[in-house]
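In our numbering, the protein residues as written are 69 to 636.
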RNA sequence: CGGAGUGUAGCGCAGUCUGGUAGCGCACCUGGUUUGGGACCAGGGGGUCGAAGGUUCGAGUCCUUUCACUCCGACCA
């Protein structure tokens with residue numbers, strides 16, 4: 069491709085809403101163009117090319133693993149989503165609209181329903197299973213707050229795959245195969261990543277893993293262990309049960325006057341007791357799918373923090389929201405002095421696992437200015453769940469070494485779904501005994517457009533993009549310093565033709581601009597290698613440039629083809 | 001949804017307080033010079049000033065309504 073014919077509107081100036089390197093360089097490098105803000109982007113020729121290359125890697129590995137590509141209708145009849153129950157359950161991110169006949173439709177944020185519908189109409193027998201179908205198509209999620217360019221757009225390209233099996237064991241075999249396949253994809257793209265345990269979120273199901281591209285700008289906090297392979301999203305991370313070396317406060321059960329002691333810190337000071345022996349009681353309003361809501365108390369040790377996603381899952385709610393003191397008072401709770409042991413009838417309480425069998429605990433008396441000391445939960449039957457947010461320094465449940473936090477970009481997510489969609493949607497097959505069974509499903513996603521952003525987040529410098537081999541828009545760029553110099557021009561054309569005939573994808577910068585502008589554009593675009601034909605041509609020398617590190621190597625005109633063949 | 005801002009040329013912005021010919025930089029077009037780190041000179045094109053209504057002889061500027069977008073927070077595969 070000739071640069072002079074290529075539509076790449078590069079700019080010196082940074083758009084004022086761009087903060088992340090990937091956002092800045094993808095816009096400045098003319099890969100993408102913002103469409104009136106709001107998380108919508110056009111892909112310009114170079115962006116489209118990179119997107120296609122990434123997509124090709126994904127497709128290649130999936131096809132090798134036996135998956136089959138399909139393309140589902142983007143506009144989805146709402147009836148399918150009503151069947152699965154997600155039409156109501158899925159929040160406002162789901163874009164709903166009506167056609168001229170006033171029928172409801174949605175733009176798919178994910179396509180479990182559509183794919184199950186496809187399969188239930190075509191697969192009837194265990195002989196047709198297993199089956200793994202995927203598509204690489206646009207998704208739409210009406211994000212509350214799109215930002216960071218391609219990282220969190222509203223419209224985005226995603227690979228979503230779905231597998232269908234006769235047994236749970238076979239689904240788990242496929243799940244493992246997909247984990248391995250995803251690893252191959254991320255490795256080929258040159259990404260540093262980590263596979264972590266994850267919360268299943270709105271998709272539902274159990275046994276889910278996320279593929280996190282490691283980057284400081286990542287939106288997810290992940291907990292990793294340096295002693296072993298353990299890694300998990302903070303939303304799902306577990307730890308070895310915490311014990312305290314602090315002395316337990318010996319006390320018989322009694323009520324204590326504790327004026328103005330409404331925080332864990334104040335309470336710890338008041339009794340001179342480690343927060344480990346205090347009960348932290350967090351009140352939330354739980355919102356349920358059917359539109360109902362209730363006040364729920366979450367009780368955990370004062371030394372721990374509540375992990376809201378875990379809490380939400382523990383009560384099977386759609387969402388948890390904060391609650392005001394007034395609302396608490398209405399149901400008979402006293403803010404600052406709540407405790408899980410003394411409660412109005414109507415209030416639901418969930419205990420953290422760490423409180424099971426705990427003794428010598430201090431908790432609120434649910435009465436202003438009073439706490440209860442000497443509480444024991446030995447033998448107490450209650451609703452116990454894991455509710456705590458793992459902290460840095462907590463110990464790994466697998467190997468006992470300290471855990472630490474790092475940041476990641478969620479680029480892939482695989483789920484063991486089970487029969488969660490096949491049952492309500494009636495996707496059944498006949499087994500060997502002629503008996504109808506719901507198919508066992510897995511679902512697997514990769515954020516393809518997000519991967520472009522992730523690649524740049526991990527591979528850039530202060531001058532621009534540094535594409536990895538399999539994601540680069542071109543293999544090599546030839547820069548002719550001055551096109552009016554006939555010798556330079558002639559050599560450029562000759563190299564261009566010769567390298568192209570060898571099957572390399574080459575960009576020839578034949579624009580009328582000066583050298584400075586061309587090299588700046590080269591650095592911004594981030595093609596892995598360049599050959600610069602410039603002043604030294606008088607001495608029969610050209611430059612071979614490696615974008616990563618910007619190393620320059622002077623090479624004779626006679627050997628440049630060999631150097632390129634060897635390095636590119 | 002809470003808080004704070006911004007809407008003026010493709011992009012980045014000034015002009016709004018104090019109403020009176022629509023501006024600047026980048027980008028773009030023409031001609032010339034220049035050619036190893038985003039050149040220079042001269043000339044030029046491009047605007048329903050977010051939208052609607054109002055006040056006024058006159059509104060980018062004042063008033064009312066409304067829409068959109070951005071940032072912080074909450075939320076989020």
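Don't be surprised by glycine CBs; every beta carbon is placed ideally from N, CA and C.
Cβ-based burial, residue i [other Cβ within 10 Å; buried from 16]
i: residue 414; result: exposed
i: residue 412; result: exposed
i: residue 490; result: buried
i: residue 467; result: exposed
i: residue 325; result: exposed
i: residue 296; result: exposed
i: residue 209; result: buried
i: residue 225; result: buried
i: residue 165; result: exposed
i: residue 314; result: exposed
i: residue 527; result: buried
i: residue 565; result: exposed
i: residue 451; result: exposed
Residues that DSSP places opposite residue i in a beta bridge
i: residue 367; result: 349, 419
i: residue 443; result: 429
i: residue 203; result: 228
i: residue 625; result: Answer by DSSP bridge pairing: none, since residue 625 is not bridged.
i: residue 387; result: 355
i: residue 468; result: Residue 468 pairs with nothing; no bridge assigned.
i: residue 510; result: 231, 484
i: residue 145; result: 173
i: residue 135; result: DSSP, once it has assigned bridges, lists no residue as partnering residue 135.
i: residue 473; result: 291
Candidates the options: closest to residue i by CA position
i: residue 80; options: 92, 371, 388; result: 92
i: residue 567; options: 599, 183, 550, 541; result: 599
i: residue 458; options: 299, 249, 438; result: 299
i: residue 374; options: 361, 362, 388; result: 388
i: residue 420; options: 544, 369, 141; result: 369
i: residue 463; options: 308, 77, 423, 187; result: 308
i: residue 383; options: 151, 353, 321, 393; result: 353
i: residue 648; options: 142, 486, 259; result: Residue 648 falls outside the range modelled here, since the chain spans only 69 to 636, and no answer is possible.
i: residue 312; options: 573, 87, 342, 393; result: 342
i: residue 487; options: 245, 232, 280, 153; result: 232
i: residue 580; options: 607, 552, 561; result: 552
i: residue 612; options: 561, 249, 631, 158; result: 631
i: residue 433; options: 403, 506, 284, 416; result: 403
i: residue 234; options: 557, 508, 617, 538; result: 508
Spatial neighbours of residue i in its chain, beta-carbon cut-off 7 angstroms, leaving aside the 5 residues before and after
i: residue 377; result: 267, 303
i: residue 277; result: 247, 263, 264, 265, 266, 482
i: residue 211; result: 107, 161, 220, 222
i: residue 73; result: none
i: residue 570; result: none
i: residue 636; result: 543, 544, 572, 597
i: residue 512; result: 229, 246, 482
Delimiting residues of the alpha helix (DSSP H) encompassing residue i
i: residue 633; result: 628–635
i: residue 587; result: 583–593
i: residue 120; result: 113–132
i: residue 380; result: 376–382
i: residue 154; result: 154–157
i: residue 252; result: 236–256
i: residue 561; result: 554–569
i: residue 598; result: It is not in any alpha helix (DSSP H) - residue 598 instead sits in the beta strand (DSSP E) that spans 597–601.
i: residue 312; result: First-last for residue 312: undefined, no H or E at that position.
i: residue 517; result: 516–526
i: residue 398; result: 393–398
Same chain, Cβ closer than 6 angstroms to residue i, neighbours up to 5 away in sequence not counted
i: residue 335; result: 329, 346
i: residue 519; result: 122, 479
i: residue 275; result: 484
i: residue 306; result: 465
i: residue 425; result: 446
Extent of the continuous beta strand (DSSP E) to which residue i belongs
i: residue 189; result: Not the beta strand (DSSP E): residue 189 falls in the alpha helix (DSSP H), residues 180–190.
i: residue 301; result: 299–301
i: residue 261; result: 261–266
i: residue 164; result: 163–166
i: residue 670; result: No statement about residue 670 is possible, as the shown extent of the chain runs from 69 to 636 and does not include it.
i: residue 42; result: Here the chain covers residues 69 to 636 and nothing more, so residue 42 does not appear.
i: residue 544; result: 544–548
i: residue 575; result: 574–577
Own chain partners of residue i with C-beta closer than 8 angstroms, once the 5 adjacent residues on each side are dropped
i: residue 504; result: 496, 497, 498
i: residue 555; result: 605
i: residue 95; result: 79, 82, 83, 86, 101, 102, 217
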